[in-house]
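Going by our numbering, the first residue of the sequence shown is number -9, and it counts up by one from there. Heads up, the beta-carbon is just placed ideally off N, CA and C, and yes, glycines get one too. Here the structure is a predicted model, which means the values were calculated and not measured. Since the structure comes first, as structure tokens, the remarks are kept for the end.
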Amino acid sequence: MNPEHAAGTSEPEHQGPRPVPYTYHDGREDYLHVGRQEGAAADQPEALIPASEGMSSPAAATALPPEATALPPETAALPPEATALPPAATPRSPEATPPAPAQRAQQATPKTTPMSEIVTRGLRTGAVMTAATMCTMMAASTLKRGSPWASMNAMATAVGIGGRRVSDRFDPVVTPTGIAVLAGGLLAWGIGYEKALDASGQRSGALTGALAALGGFLLDELVLPDRLMQNFRAKMGVVGTLSKYVALGVASAAAPR
């Protein structure tokens, strides 16, 4: 070709990217197309690099390695000392909670029974004593003197009614007086008996019954007039007189609560 002709003839401007040799890291060779493409804003070289070599997927770019997301062992699990509550904050059971001063004072003070309840129980106990003792005395005087009223007449001599030697038969004044003296004395004895049980914290039993029988005997023998015990022995005999105190003790031990 004529050089002048070649110089005068303008080479058409190359449109599109130009192939450029490129060697991959694994030794493969290929051509990259570099140059301005149609529609590009600026005349900047652009390399068309395969997606598998030039960039990673968005998921791969944003995903963190397992080492970055895993918590260290010392922060993942706290030791028992860090989670246990201090002794002051640990809830206590009602049994372990010490009682308040008012509660301690109430517990230290012994429970007292109202006097009205003691009187009520004493009257019941006295009624049982009266029934048991009266039946025993009347049975003893019937065996000894042939009359159940002889023992009741003897009981009236405790208050000076009937004289030193009373009749064995029913007397409209002496006999009711003897019954009233016996019943009134044993009802009062029952109240005193229940009061003593409440003060000592005991319950009726064989021991308390024996003490009640002994107390009744000492009261008749040491406090009441001598004529009373003489009339008892005369109207009921020695065995019948002792049976009176035995009946008193049994009734006291079996008294209802």
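Can you tell which of the options has the C-alpha that lies nearest to the C-alpha of residue i?
| i | options | result |
| --- | --- | --- |
| Met145 | Gly175, Gly112, Leu133 | Gly175 |
| Lys225 | Ala148, Ala117, Ala140, Arg111 | Ala140 |
| Leu177 | Ala186, Ser157, Thr102, Val109 | Val109 |
| Gly195 | Ser242, Met119, Ala122 | Ser242 |
| Thr102 | Val229, Ala189, Ala245 | Ala189 |
| Thr167 | Arg223, Gly152, Trp179, Gly17 | Gly152 |
| Ala148 | Glu19, Leu212, Arg18 | Leu212 |
| Leu187 | His15, Ala245, Phe222 | Ala245 |
| Pro138 | Phe222, Arg159, Pro11, Arg18 | Arg159 |
| Asn143 | Arg8, Leu172, Leu133 | Leu172 |
| Glu184 | His15, Asp16, Gly17, Glu107 | Glu107 |
| Pro267 | Gly150, Arg135, Arg223 | Residue 267 is absent from the model: the chain starts at -9 and stops at 247. |
Should residue i go down as buried or exposed, given a rule of 16 or more other Cβ atoms within 10 Å for buried?
| i | result |
| --- | --- |
| Arg193 | exposed |
| Ser131 | buried |
| Gln34 | For Gln34, the predicted model reports a pLDDT of 48, less than 50, meaning its position is unreliable; a value from the coordinates is still stated below. Gln34 should be labelled exposed. |
| Pro104 | exposed |
| Val240 | buried |
| Thr165 | buried |
| Gly180 | buried |
| Leu208 | exposed |
| Gly230 | buried |
| Thr198 | buried |
| Thr13 | exposed |
| Glu19 | exposed |
Check for me: the alpha helix (DSSP H) holding residue i runs from which residue to which?
| i | result |
| --- | --- |
| Tyr235 | 216 to 243 |
| Ser141 | 139 to 146 |
| Arg155 | Element bounds for Arg155: n/a, residue is neither H nor E. |
| Asp188 | 164 to 190 |
| Val118 | 105 to 135 |
| Leu201 | 196 to 208 |
By how many angstroms is the C-alpha of residue j removed from the C-alpha of residue i?
| i | j | result |
| --- | --- | --- |
| Gly182 | Met219 | 23 Å |
| Val163 | Leu204 | 30 Å |
| Ser157 | Ile169 | 15 Å |
| Ala117 | Ala200 | 18 Å |
| Gly249 | Val228 | The question about residue 249 has no answer, for the chain in this structure spans -9 to 247. |
| Ile154 | Gly206 | A small fix is needed here, since residue 154 is Arg in this sequence, not Ile. Each residue's alpha carbon lies about 22 Å from the other. |
| Ala202 | Met119 | 10 Å |
| Lys134 | Ala122 | 18 Å |
| Gly17 | Val10 | 16 Å |
| Phe222 | Gly136 | 14 Å |
| Arg217 | Asp210 | 10 Å |
| Arg114 | Gly191 | 19 Å |
Check: Hey, is the segment 119 to 139 in contact with the segment 227 to 244, meaning 3+ C-beta pairs nearer than 8 Å?
Finding: Because the criterion of three Cβ pairs below 8 Å is met, the segment 119 to 139 and the segment 227 to 244 touch.
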